[in-house]
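A quick write-up on the structure given underneath.
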Amino acid sequence: MNSKPAAQSAAVETTYREAVRQAIRDAMLRDDRVFLMGEDVGRYGGCYAVSKGLFDEFGPKRILDTPLSESGFTGAGIGAAMAGMRPIVELMTVNFSLLALDQILNNAATIRHMSGGQFGVPLVIRMATGAGKQLAAQHSHSLEGWYAHIPGIKVLAPATIEDARGMLWSALEDPDPVLIFENVMLYNRTGRLPDGADAVQIDQAAVRRPGENISLITYGGSLWKTLEAAETLAKDGIDAEVIDLRTLRPLDEDTIVASVSKTRRAIIVDEGWRSGSLAAEVSARIMERAFWNLDMPVGRVCSAEVPIPYARHLEEASIPQVPQIVAAARAAMGV
Amino acid sequence: MNSKPAAQSAAVETTYREAVRQAIRDAMLRDDRVFLMGEDVGRYGGCYAVSKGLFDEFGPKRILDTPLSESGFTGAGIGAAMAGMRPIVELMTVNFSLLALDQILNNAATIRHMSGGQFGVPLVIRMATGAGKQLAAQHSHSLEGWYAHIPGIKVLAPATIEDARGMLWSALEDPDPVLIFENVMLYNRTGRLPDGADAVQIDQAAVRRPGENISLITYGGSLWKTLEAAETLAKDGIDAEVIDLRTLRPLDEDTIVASVSKTRRAIIVDEGWRSGSLAAEVSARIMERAFWNLDMPVGRVCSAEVPIPYARHLEEASIPQVPQIVAAARAAMGV
Amino acid sequence: MNDRSEKPRLTREHVLDLLRHMLRVRMFEDRCAQLYTQEKIRGFLHLYDGEEAVAAGIIPVLSDQDRVVATYREHGHALVRGVGMDSVMAEMYGKRDGCSGGRGGSMHLFDAETNFYGGNAIVGGGLPLAVGLALADRLQEEGRVTASFFGEGAVAEGEFHESLNLAALWRLPVLFVCENNRYAMGTALEISESETDIHAKAAAYNISSEAVDGMDVVAVETAAKRAIHTVRDTGKPYFLECRTYRFRAHSMFDAQLYRDKAEVEEWRGRGPIVRFQGWLLENELAHPEDIAGIESEIRAEIDRVVAFAEASEWEPVETLTEHVYAMEAAQ
Amino acid sequence: MNDRSEKPRLTREHVLDLLRHMLRVRMFEDRCAQLYTQEKIRGFLHLYDGEEAVAAGIIPVLSDQDRVVATYREHGHALVRGVGMDSVMAEMYGKRDGCSGGRGGSMHLFDAETNFYGGNAIVGGGLPLAVGLALADRLQEEGRVTASFFGEGAVAEGEFHESLNLAALWRLPVLFVCENNRYAMGTALEISESETDIHAKAAAYNISSEAVDGMDVVAVETAAKRAIHTVRDTGKPYFLECRTYRFRAHSMFDAQLYRDKAEVEEWRGRGPIVRFQGWLLENELAHPEDIAGIESEIRAEIDRVVAFAEASEWEPVETLTEHVYAMEAAQ
Ligand SMILES: Cc1ncc(C[n+]2csc(CCOP(=O)(O)OP(=O)(O)O)c2C)c(N)n1
Ligand SMILES: Cc1ncc(C[n+]2csc(CCOP(=O)(O)OP(=O)(O)O)c2C)c(N)n1
Ligand SMILES: [Mg+2]
Ligand SMILES: [Mg+2]
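Chains as they are written, first to last, in the working numbering: chain A, 1 to 335; chain B, 1001 to 1335; chain C, 2001 to 2331; chain D, 3001 to 3331.
In structure tokens, the structure reads:
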């Protein structure tokens, strides 16, 4: 998929947060099987203020404030989906989602298979991910790569406002569980959203910046840093292609392979810890499908292998930043 | 590390299960801070009969039968370790460990860092992993690769009887949390254990079969299939080197790189689901450190991306088997 | 269609139905145990031997629209609910005609037609599902009841606690049925619970509860009627503890080091089938021929389903990755 | 060294100590709030404003050997426990002299010297740790008590349930302190618990419990003495619910849409400091000058620790990956 910037004419300035809210609101209006449940999604307005106003508009039956019971209400979302509803479960952050992981893996991802295809779980789970707000070692991790390991679910990482607006509906239409990861640093991001923006496909990666010399492959919060790095590289005459994976499971291998086969070099940028990262999977796929086209080994820019520390300078040093991406790309170019 | 077969003279025939039991028993005798806790480890004798007899020998204070509260008692193990004990927590299988994952990641792996180094968690967690007993989709997965993603913990996968016997004590001496994964198909494995077998190092991979033509890199339950595949390959004149990773975190990159640099070809065999597997990490590391020495792309033989099904033929088809390993190695040899 | 009266309807027909349910489960499972030693059935096999009065007393009181969530010890629940014995047996064989297409096995019987939501082998893992099914029913204003079965061992799990609170807080029509057979594998109740009066825990969630002799099918049925009517009338959850006992090993791998043979024998004497059957004969609600007739019918049925399972085909290995995602979305 | 009497010792010295503890926390946090708007402190900042009587009433009753486990709302607990205000402030700044070396921040204050086990920001996540600390003490036959603080929101978590059962089952010396401030972020108690009488839930685990007015420091202290003595004497856990209120927002990002200003004002009128201070003055246990003296001492201390934190250095970025594994094992 090649994504061009949205036509400027009929577009409105908005934020990523607002785009997610509009997506939820729109889904609620379109389909009365849809409801939102999670901690503080209602009266409080959402821990990242995503659902502000929805409680007043839709009431407590469709915007359900839950107790602090991640496993319980995620499991309840699974059951409700099996019985015909289209729940959107919000988990505040991916660190807390571990409390619900048994339900997600052992039930949501598995029931269709275990039941021989009799029961499906058309559930959407949204959660925040990532560092950058100095929330330290129990609130800042990026574990979406883990979820991308689980057969039976799909994993999305909207990085743009269009995707924040458009992925939710596609996820709700999917007959299987779909997890959506929203990087916390994106919520305040502003941009123009075309009037009447609607569902987007959730099968393919997007080339966010075409280029000839090297492929920079990333997703989520790292997309913008990677695009910035590409501009810096451009000043050195290095024309980087930036791929936004968008869907972390299943991976759009074809787009990755096509890009790398053209540029013959690749760096993967991923806010997960390096060992066992999603970046490793992307590297392995390139190894398997594009080895003969590579002029240089594929590199990775990932998070340092450390529980994210509180102090700003340490936190900054622990996750991928523009200079590291630039340096890795330059090294891959042999400059 | 090059590991030679144990001297036949002063050796006793034993099982992997018995080796784990002896390791526990020995640790309990050596250090009275050590105790074992978990579901049915005591009166029942352990769900895989590993701890049979220990309750009678050590009594209920040191062999603690816990209620079904994975998060609670794993967290209790963490707290007890922080207060000076050396707990061995047994989780029946890795699928159930998801219920304790919040405690493992957000506490055990993190407290040392969050506390600026003031508190450590010298805890050992053992659990069974893997398929092969027709236990279906909630009991058969191999998620040790996930754990290998977590900074702050170490992850071991004893494949041999020596390692089953020797890794536990080394793990208990480690000041940080160590997770030990015991593949369920190994418990009944028999072999000779040198008399007076003791602790083994937990830092390095082992070359289980030296070879010149291709590196087969694996761990845990897949080691034996891989060795069998190597023998089959030998009949075709393909001399495979078999590496047993032993420690999944931190990975012994040097042994891997040395082997691959020599053989110039590698296949990784891993019972985890392919996407996001530990095998991907190994492939990425080889990409990063041995790309220029490769004559062929590194391949992976992993589990099919499916919750493990019950029926024997389907279960068999879902995890790595000897013929697939042989086929992958042949393909890498270009034959 | 539901009988709303809570008095036991002890017509001859009804008591024979109750007996038939229990015998069908018992005899089916006896055969399964044999087939296990013959390696026709593999994996873990958890028998319900001794606990039949619970499923037999409760499940027939549910309506067709109601939903059932069970554990890995669920053959009895599936059979009483009306999942075909043929498809249950084929599932145990791992064959394609099994109720889960051979992918689930003994621990994962599923059946959409009878609203049988499995066969969950994570202890406590079914409770949140049951809450969710009932939540959907409340949101869709359906008058259904969801019955959630679990062992007393599950009571220690966090998911038990979270589920009871959610069900009560949101006023969801869930019947929680704790099958308290006094052991979780080898762990006796006293070793897993600081408060062993399980049903009393429901008070911590403001849930009405009751404990019943789970070895007495009539008592269970009476309690079940009361409970299910309460759930249906109030829309609120109800907690029913059935005190029962498992006569056999936890699964086929259990040496039973944790309990005395004498204890097992004592409970066997109070077995739900032997006791009910004796009482029926004594009170002339049934004659020996009735029972013999039922038994021979069941034996014939079991022979038929074993033949069916034997004849059923293996799912082709090429289909391995089917049912991971819905067909429509499959690539 | 512990005072084993449960009667309030209302000597002048003692009441001024209680007041000093509360004022120290309040004034420290007021300054933190300012520093937050100045962006000296970042991340989440959860103030204890209104709840000071709980930590001040309980923690001084513990002995030095006892252990404390707290939540992300733990500045008060740390200060009352004796963690140096300088190192707490430096931690909030993220500086190397912080009690967690700048890696923890406001939510993760740790201090080995005072047996202060954090600063846990997973709701409910500290309870199993507390159980484990107490388990070690039981196994090592140490007479220590572990006090575990948590909010009423944590009561809904599975880990709460599992921990209470384990502590009671294994007779562990844990004092569970529920700081019931009626809200979990924006979720009122009635929206999170089907049974809102929190302390009554302890009965489900066979744990003795009591609820106390958490706005009254003398009442809290009296209850704490009773509770801690019980734990020490019996070795068994005890559950103390302190009914309190948070005057400020949940964290600095909270618009407080979920409650009325009037409700907050009403509670403020019953504030633990204003009330205790008034009572002291009325009963001439303290004079205005005493209070002014304490306040100015604290102000000076706060100025000092702010200067200390300002002057403290940043941890060099090269040390980023330190403290992931123990030094001894570091490569
Ligand atoms: C979360 C989890 N932990 C452990 C197990 C292993 N296990 C299977 S059944 C069982 C005992 C459960 O006892 P109970 O709930 O009383 O049910 P019963 O088997 O007695 O019917 C255990 C420990 C599991 N399946 N899931
Ligand atoms: C497991 C988990 N879920 C959600 C959160 C987000 N969160 C932080 S504090 C809080 C409210 C907790 O309320 P309560 O336990 O009453 O404590 P209080 O903040 O009122 O002191 C929530 C939901 C978290 N930190 N951990
Ligand atoms: Mg039981
Ligand atoms: Mg609260």
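Glycine included, C-beta positions come from ideal geometry on N, C-alpha and C.
Remember, it's a predicted structure, so these values are computed and weren't measured experimentally.
query = How would you list, in chain order, the residues of chain F whose beta-carbon sits under 7 Å from the beta-carbon of D:S3194?
reply = Going by chain labels, chain F is absent from the structure shown, which instead holds the protein chains A, B, C and D.
ask   = In three-state terms, what does DSSP make of B:S1318?
value = helix
query = Which ranges would you report for the beta strand (DSSP E) in the segment 11–94 of chain A if only whole runs of at least 3 residues count?
reply = 11–15, 34–38, 63–65, 86–93
ask   = How would you label A:W292, buried or exposed, when you count the other beta carbons within 10 angstroms and need 16 or more for buried?
value = exposed
inquiry  = Taking 8 Å as the cut-off, is the C-beta of C:N2120 nearer than that to any heavy atom in ligand 3?
reply    = no
key: For D:T3071: DSSP bridge partner residues   = D:N3120
key: N-terminal and C-terminal residue of the alpha helix (DSSP H) that C:P2288 is part of   = Element bounds for C:P2288: 2288–2311.
key: Whole-angstrom distance between B:G1221 and D:C3178, CA atom to CA atom   = 46 Å
task = Return yes when the C-beta of D:G3125 is under 8 Å from any heavy atom of ligand 2, and no when it is not.
result = Answer for D:G3125: yes, Cβ within range of ligand 2.
ask   = Of all the CB atoms in chain A, is at least one closer than 9 Å to the CB of C:A2134?
value = yes
ask   = Leaving out the 5 sequence neighbours to the left and right, which residues in its chain are closer than 6 Å to A:L336 when beta-carbon positions are compared?
value = Past the boundaries of the shown model lies residue 336 of chain A; chain A is included only from 1 to 335, so the question cannot be answered.
task = May I ask you to check if the CB of D:E3241 is nearer than 8 Å to at least one heavy atom of ligand 4?
result = no
task = Can you tell me which of the three DSSP states A:M127 falls into?
result = strand
query = With respect to 8 Å, is the separation between the Cβ of C:G2153 and the closest non-hydrogen atom of ligand 3 below this value?
reply = yes
request  = Find out if the Cβ-Cβ distance for the pair C:T2071, C:F2150 is shorter than 9 Å.
outcome  = yes
query = Buried or exposed: D:Q3277, going by 16 or more other Cβ atoms within 10 Å of its Cβ?
reply = buried
ask   = Whole beta strand (DSSP E) runs in the segment 3217–3293 of chain D with 3 or more residues, listed along the chain?
value = 3238–3243
request  = Starting from the Cα of A:V200, find the closest Cα among A:E39, A:T15, A:A23 and give me that residue.
outcome  = Among A:E39, A:T15, A:A23, the Cα nearest to that of A:V200 is on A:A23.
ask   = Using a beta-carbon distance below 9 Å, is B:F1291 in contact with chain A?
value = Yes, contact with chain A.
request  = Just grab the DSSP bridge partners of C:A2055 for me.
outcome  = BP columns for C:A2055 are empty, so no partner.
message = Assuming C:W2267 and C:F2247 are in contact, meaning their beta carbons sit under 8 Å apart, how far apart are those beta carbons, in whole angstroms?
response = 7 Å
task = Less than 8 Å between the CB atoms is what I'm expecting for D:N3181 and D:E3051, so what's the real figure, rounded?
result = Taking a contact as a CB-CB distance under 8 Å, the pair D:N3181 and D:E3051 counts as one, their CB atoms being some 6 Å apart.
message = Distance check for A:H313 and D:V3317, CA to CA, integer angstroms please.
response = 7 Å
inquiry  = Rounded to the nearest angstrom, what separates C:R2020 and C:I2058 at their Cα positions?
reply    = 14 Å
message = Considering only heavy atoms of ligand 1, does any lie closer than 8 Å to the CB of B:C1047?
response = yes
query = Would you report the Cα separation of C:T2230 and C:I2122, rounded to the nearest angstrom?
reply = 29 Å
Contacts that D:A3156 makes with chain C (C-beta to C-beta distance below 7 Å) = Near D:A3156 (Cβ distances below 7 Å), the residues of chain C are E2162, N2165.
task = Go through the segment 3071–3140 of chain D residue by residue and report every complete run of the beta strand (DSSP E) that reaches 3 residues or more, in order.
result = Restricting attention to beta strand (DSSP E) runs no shorter than 3 residues, the segment 3071–3140 of chain D encloses them at 3116–3120, ordered along the chain.
query = Can you list, in chain order, the residues of its chain whose CB lies under 7 Å from that of D:F3028, leaving out five sequence neighbours each side?
reply = H3075, L3079, M3085, I3302
query = Any heavy atom of ligand 5 within a distance shorter than 8 Å of the CB on B:L1099?
reply = Ligand 5 is not among the ligands present in this structure, which contains only ligand 1, ligand 2, ligand 3 and ligand 4.
Own chain partners of A:P60 with C-beta closer than 6 Å, once the 5 adjacent residues on each side are dropped = Taking A:P60 as the centre and dropping the five residues before and after it, the same chain places no C-beta closer than 6 Å to its C-beta.
query = Which one of C:E2039, C:G2132, C:S2106 has the shortest CA to CA distance from C:A2147?
reply = Of all alpha-carbon atoms in C:E2039, C:G2132, C:S2106, the one lying nearest the alpha-carbon of C:A2147 is that of C:G2132.
inquiry  = With a threshold of 9 Å between beta carbons, is D:A3184 in contact with chain A?
reply    = yes
query = If we count Cβ pairs, one from each stretch, closer than 8 Å, do we get three or more for the segment 1262–1281 of chain B versus the segment 272–282 of chain A?
reply = yes
query = If you measure from the beta carbon of B:K1061 to each beta carbon in chain C, is any gap under 9 Å?
reply = no
query = Considering only residues of the same chain and omitting the five flanking positions on each side of C:R2031, which have a CB-CB separation below 8 Å?
reply = I2302, V2306
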